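What follows is a single structure, written as structure tokens, with notes after it.
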Amino acid sequence: MAQEPKINPGMTPEEVEAAQFLIQKLYVKDVSFELPNAPGIFQEQGQADVKMSLAQRVDDLGENLHEVVLTVTVTATLGDKTAYLAEVAQAGIFLIAGFKEQAAHAVMNTLCPSSLFPYARRTISGLVAEGGFPPLTLQPVNFDQLYTQRMKELRSQQGSQAPGGRGNDTVVPAEFATEN
């Protein structure tokens, strides 16, 4: 099992108690569903190859408010033809206050997308079904593990580029992209 990032590193119990994470608003920012080979694709035989990719963007709205946008893209292919492409940009406005910088960064990259993913998954499932395809069940995503892996990669890159091998003190932007 992967080590989960600590969202309260070096914080006193009083600081942990003062830390706030609140969901202010959840909404779909953008939706797209494409059937580039319809109606012919419905005549094709075989099992579709389904791939999912994730991307995240964080915007600071001021006063401890952050808009986090999780984009989930699902592409299904049959042979060399695209059966469908579904994309949802699920967004939320989150109040993140009282955390140290590193802990707030971890919250934005783990807790926020974990809160958004079930909504995006439900929207994509509905789009696929309404597009005439069998139900699609996207598996849960471990954003803690993705974040830990991404931080290790960035530290490794920074360590090889920084003089003296340092780079572990730098906080990277709250963004990631991955493909499953």
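Quick note on the numbering used here: the sequence shown kicks off at 4 and runs consecutively.
Built from N, CA and C at the ideal position, the CB exists for glycine as well.
Treat the numbers as computed from the prediction; the structure is a model and nothing was measured.
Item, Value
"Nearest to Phe24 by alpha carbon, out of Gly43, Thr74, Met111?", "Met111"
"Could you give the residue range of the beta strand (DSSP E) that holds Ala58?", "52-65"
"Please list, in chain order, all residues of the same chain as Tyr87 whose beta carbon is under 6 Å from its beta carbon, the five residues on each side excluded.", "Leu38, Ala79, Gly134"
"May I have the straight-line CA-CA distance separating Lys54 from Pro138, to the nearest angstrom?", "15 Å"
"Which value, in whole angstroms, describes the spacing of the CA atoms of Asp147 and Met154?", "11 Å"
"If you follow the alpha helix (DSSP H) that Val131 is part of, which residue opens it and which one closes it?", "104-133"
"How would you write the range of the beta strand (DSSP E) that Glu90 sits in, first residue to last?", "84-100"
"The beta strand (DSSP E) spanning Val79 covers which residue range?", "Strictly speaking, residue 79 in this sequence is Ala, with Val absent from that position. From DSSP, the beta strand (DSSP E) with Ala79 extends over 68-81."
"Can you tell me which of the three DSSP states Phe24 falls into?", "strand"
"Is the beta carbon of Asp33 sitting closer than 9 Å to the one on Glu90?", "yes"
"Can you grab the Cα-Cα spacing for the pair Asn171 / Gln105, in whole Å?", "Only weak support exists for where Asn171 lies, its pLDDT of 37 falling under 50; the value from the coordinates is given anyway. C-alpha separation (whole angstroms): 11 Å."
"For Phe36, does the three-state DSSP call read helix, strand or coil?", "strand"
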